[in-house]
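Colleague: Per numbering that gives the first Met the number 0, the sequence shown starts with residue 0, numbered consecutively.
All C-beta atoms, glycine included, are put in the ideal place defined by N, C-alpha and C.
Got a structure for you, written out below as structure tokens; questions coming shortly.
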Amino acid sequence: MTREVRVRFAPSPTGPLHIGGVRTALYNYLFAKKHQGTMILRLEDTDQNRFVPGAEQYIKESLAWVGIEIQEGPDQGGPHAPYRQSERKPMYRQYAEGLIEKGLAYYAFDTEEELEEMRKRLEASKMQPAYDSVSRMSMKNSLTLPADEVKARLERGDNYVIRIKLPRKEEVRFHDIIRGWVVVNTGQMDDKVLLKGDGMPTYHLANVVDDYLMGISHVIRGEEWLPSAPLHVMLYRYLGWEEVMPEFAHLPLLLKPEGNGKLSKRDGDRLGFPVFPLNWTDPKTGEMSSGYRESGYFPEAVVNILALLGWHPSDNQEMFSMEELIEAFSLEKVSKSGAKFDVNKAFWFNQQYLNKFDNSLVLDMIKSDWEANYGVLDSEEKKEYASKIVSLIKEKVQFAKQIVPSAHFFYNRPEEFDEQVVAKKWKENTSELLQKLGTYFVANHAISAADFENQFKLYCDETGIKSGEVLQPLRVSVSGEAMGPPIFEILAMLGNQEVVNRINACVDKLSK
Ligand code: GLU
0 MTREVRVRFA PSPTGPLHIG GVRTALYNYL FAKKHQGTMI LRLEDTDQNR FVPGAEQYIK
60 ESLAWVGIEI QEGPDQGGPH APYRQSERKP MYRQYAEGLI EKGLAYYAFD TEEELEEMRK
120 RLEASKMQPA YDSVSRMSMK NSLTLPADEV KARLERGDNY VIRIKLPRKE EVRFHDIIRG
180 WVVVNTGQMD DKVLLKGDGM PTYHLANVVD DYLMGISHVI RGEEWLPSAP LHVMLYRYLG
240 WEEVMPEFAH LPLLLKPEGN GKLSKRDGDR LGFPVFPLNW TDPKTGEMSS GYRESGYFPE
300 AVVNILALLG WHPSDNQEMF SMEELIEAFS LEKVSKSGAK FDVNKAFWFN QQYLNKFDNS
360 LVLDMIKSDW EANYGVLDSE EKKEYASKIV SLIKEKVQFA KQIVPSAHFF YNRPEEFDEQ
420 VVAKKWKENT SELLQKLGTY FVANHAISAA DFENQFKLYC DETGIKSGEV LQPLRVSVSG
480 EAMGPPIFEI LAMLGNQEVV NRINACVDKL SK
């Protein structure tokens with residue numbers, strides 16, 4: 000019988016979600032959708048020292064922005080509510096205590112100073128400074144203290160934690176969908192704390208208990224959790240849940256563009272790209288970090304970028320909609336090795352989407368900025384004109400917001416003229432040639448881009464001048480700029496009379 004697919008994204012609300020986290024959520028979502036499964040959001044907020052106000056809201060908003068729909072979660076509810084671990088606090092203790100009864104966990108009363116002393120002692124004798132099957136025998140816990148003292152301490156309310164009791168030497172083997180078989184010996188592991196002094200479970204206990212209680216079938220998470228997986232496997236075994244243990248898939252790291260080391264916020268600042276989905280202001284320091292949304296990326300592009308960072312489709316297709324991703328995605332095609340972030344590729348994807356979207360839709364996205372610069376678009380005619388400009392410019396830019404400043408010469412006569420072109424291309428007779436060309440356009444009623452182009456060629460033939468001599472001066476005289484959309488399209492947009500006016504204005508200015 001195949002198991003119902005139930006996956007969870009389980010972030011800790013300790014700050015803004017890194018795009019690596021968004022990718023983890025995305026892969027969970029794609030996998031769930033592909034298998035008609037359920038996508039769960041669970042907030043792992045048991046570490047109260049690391050709680051950051053606003054982080055939960057930020058996580059939810061980020062997921063919504065990229066189009067990841069949650070079926071069970073803190074806002075959606077569901078059969079296993081609550082979905083915030085802090086609200087599940089009373090559920091965990093029984094499992095830790097149950098393990099003590101079975102001799103698979105123990106109370107540990109060591110103070111901070113005693114723990115520190117142990118670490119120093121072990122380090123001095125070149126041993127792993129870990130609380131493990133060896134060192135635990137010289138510490139203050141329910142394995143070493145007499146039973147009546149343990150009892151007395153518990154009754155007195157001494158501070159304690161509950162630790163897992165790992166066997167000295169035992170192989171822990173588990174299968175990871177991406178990495179294959181993983182084998183670790185308990186000799187290399189330590190007796191991790193399961194229940195903390197404040198009665199809160201640690202990540203390990205809460206994570207395993209909740210994955211079990213919530214019927215999670217697949218744990219899809221970042222590679223940084225791979226070292227925790229053997230302990231989780233031991234917990235499943237100890238708790239008697241091995242039969243229903245989820246399958247694991249540990250995703251490769253997102254690497255710096257150069258390829259060495261994990262992608263960090265500093266890399267983003269250095270190379271000019273965000274590492275967070277949305278803008279984030281640190282509530283403590285007030286420090287602002289930029290997000291993909293506010294930087295002008297389309298959510299569709301971000302999804303596409305993230306999908307391909309670690310997962311490879313069977314062919315060379317690059318552009319994927321969410322539906323296509325759901326169709327094509329498989330965990331088997333996720334690579335083991337880290338995925339390098341490529342800034343130029345990110346720009347490229349955004350540009351592809353920009354060009355895919357309808358001109359009027361793109362215009363809508365930048366409407367307020369547009370109207371602030373070029374006046375209200377209060378007639379069909381104005382909207383059409385603006386849409387046409389969008390269509391001419393969008394091929395040259397990566398972000399919708401870059402279209403607005405590039406559109407200025409369609410509305411305003413240029414005041415400045417590209418100095419390099421003027422210096423290089425303006426010969427003694429250039430002004431005169433341009434003015435004659437202008438009158439030629441008017442006399443011959445040039446209207447469409449094709450008209451302008453044909454007449455330009457005829458004019459060159461008739462006068463015997465090379466098109467190269469006047470083409471760039473023409474562009475500069477009407478737009479002020481050396482580069483831009485196809486020149487004859489610009490001329491058609493301006494209309495032949497305005498072209499003449501602009502040529503004259505330019506000639507006038509340059510002659511001064
Ligand atoms: N709370 C962990 C995190 O912040 C969850 C890791 C997991 O998915 O098991 O990513």
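In angstroms with no decimal places, state the Cα-to-Cα distance between Ser-61 and Met-38.
Modeller: The straight-line gap from Cα to Cα measures roughly 15 Å.
Colleague: Between the Cα of Tyr-57 and the Cα atoms of Ser-11, Glu-96, Leu-98, which residue gives the shortest distance?
Modeller: Of the candidates Ser-11, Glu-96, Leu-98, the one whose C-alpha sits nearest the C-alpha of Tyr-57 is Ser-11.
Colleague: Quick one: is Met-482 buried, meaning 16 or more other Cβ sit within 10 Å of its Cβ, or exposed?
Modeller: Exposed, because fewer than 16 other Cβ atoms sit within 10 Å of the Cβ of Met-482.
Colleague: To test your reading of the DSSP string, which unbroken alpha helix (DSSP H) runs of 4 or more residues are found completely within the stretch 141 to 197?
Modeller: Correct list: 146 to 155.
Colleague: Can you tell me which of the three DSSP states Thr-45 falls into?
Modeller: Coil, per DSSP.
Colleague: Cβ of Asn-206 versus every heavy atom of the ligand GLU: is any distance shorter than 8 Å?
Modeller: At least one heavy atom of the ligand GLU is nearer than 8 Å to the Cβ of Asn-206, so yes.
Colleague: When we look at the beta-carbon of Ile-446 and count the other beta-carbons within 10 Å, is it buried (16 or more) or exposed?
Modeller: Exposed, because fewer than 16 other Cβ atoms sit within 10 Å of the Cβ of Ile-446.
Colleague: By alpha-carbon positions, which one of Gly-267, Ser-320, Glu-111, Glu-370 ends up nearest to Leu-29?
Modeller: Minimum Cα distance to Leu-29 is reached at Ser-320.
Colleague: Select from Val-232, Val-192, Leu-194 the residue whose C-alpha is nearest the C-alpha of Tyr-211.
Modeller: For the residues Val-232, Val-192, Leu-194, the minimum Cα distance to Tyr-211 belongs to Val-232.
Colleague: From which residue to which residue does the alpha helix (DSSP H) around Met-364 run?
Modeller: Counting along the chain, the alpha helix (DSSP H) containing Met-364 begins and ends at 358 to 364.
Colleague: Between Leu-305 and Ile-18, what straight-line distance do the alpha-carbon atoms span, to the nearest angstrom?
Modeller: Each residue's alpha carbon lies about 8 Å from the other.
Colleague: Does the beta-carbon distance from Val-333 to Val-65 come in below 9 Å?
Modeller: Against a cut-off of 9 Å, the Cβ pair of Val-65 and Val-333 comes out as no contact.
Colleague: Return yes when the C-beta of Arg-7 is under 8 Å from any heavy atom of the ligand GLU, and no when it is not.
Modeller: Answer for Arg-7: yes, Cβ within range of the ligand GLU.
Colleague: Contact defined as beta carbons within less than 8 Å: I believe Phe-409 pairs with Val-498. What is the distance between those atoms, to the nearest angstrom?
Modeller: Not a contact, Cβ separation roughly 12 Å.
Colleague: Could you check whether the stretch 277 to 289 touches the stretch 241 to 258, counting it as contact only if at least three pairs of C-beta atoms, one from each stretch, sit closer than 8 Å?
Modeller: Contact between the stretch 277 to 289 and the stretch 241 to 258 is absent, because fewer than three Cβ pairs lie under 8 Å.
Colleague: Look at the Cβ atom of Ala-95, then the Cβ atom of Ile-177, and state whether they are nearer than 9 Å.
Modeller: Not in contact: Ala-95 and Ile-177 (Cβ atoms no closer than 9 Å).
Colleague: Determine, using beta carbons only, whether Val-182 and Ala-228 come nearer to each other than 9 Å.
Modeller: Going by C-beta atoms, Val-182 is not nearer than 9 Å to Ala-228.
Colleague: Is the stretch 115 to 133 close to the stretch 71 to 86, with three or more CB pairs under 8 Å?
Modeller: Output reads no: the stretch 71 to 86 does not touch the stretch 115 to 133.
Colleague: How about the stretch 311 to 320 and the stretch 151 to 165: do they share at least three Cβ pairs that are nearer than 8 Å?
Modeller: Too few Cβ pairs lie closer than 8 Å, so no.
Colleague: Evaluate Asp-74 with the Cβ neighbour count: other Cβ atoms within 10 Å of its Cβ, from every protein chain shown; 16 or more gives buried, anything less gives exposed.
Modeller: Exposed, because fewer than 16 other Cβ atoms sit within 10 Å of the Cβ of Asp-74.
Colleague: Mind the definition here: the stretch 261 to 276 touches the stretch 202 to 220 only if three or more C-beta pairs lie below 8 Å; say whether that holds.
Modeller: With the cut-off at 8 Å, the stretch 261 to 276 and the stretch 202 to 220 do not touch.
Colleague: Only counting runs of 4 or more residues, tell me where the alpha helix (DSSP H) segments fall wholly within the stretch 296 to 324, in order along the chain.
Modeller: As far as the stretch 296 to 324 is concerned, its whole alpha helix (DSSP H) runs of at least 4 residues are 298 to 306.
Colleague: Output the distance between the C-alpha atoms of Ala-491 and Phe-451, rounded to the nearest integer angstrom.
Modeller: Taking the straight line joining both Cα atoms gives about 7 Å.
Colleague: Since Val-403 contacts Asn-372 with CB under 8 Å, what's their CB separation in whole angstroms?
Modeller: About 6 Å; that satisfies the 8 Å criterion.
Colleague: Whole angstroms are fine: how far does the CA of Glu-461 sit from the CA of Asp-417?
Modeller: The straight-line gap from Cα to Cα measures roughly 28 Å.
Colleague: Output the distance between the C-alpha atoms of Gln-434 and Glu-480, rounded to the nearest integer angstrom.
Modeller: Approximately 18 Å, taken between the alpha carbons.
Colleague: For Lys-164, which option in Leu-473, Asp-190, Asn-48 has the closest C-alpha, if you only look at C-alpha atoms?
Modeller: The candidate whose alpha carbon is nearest that of Lys-164 is Asp-190.
Colleague: Mind reading off the beta-carbon distance from Val-475 to Thr-429? Whole number of angstroms is fine, and I expect it under 8 Å.
Modeller: Going by Cβ atoms, the distance from Val-475 to Thr-429 rounds to 10 Å, so no, they are not a contact pair.
Colleague: With a Cβ-Cβ cutoff of 9 Å, do Phe-398 and Ser-288 count as a contact?
Modeller: Against a cut-off of 9 Å, the Cβ pair of Ser-288 and Phe-398 comes out as no contact.
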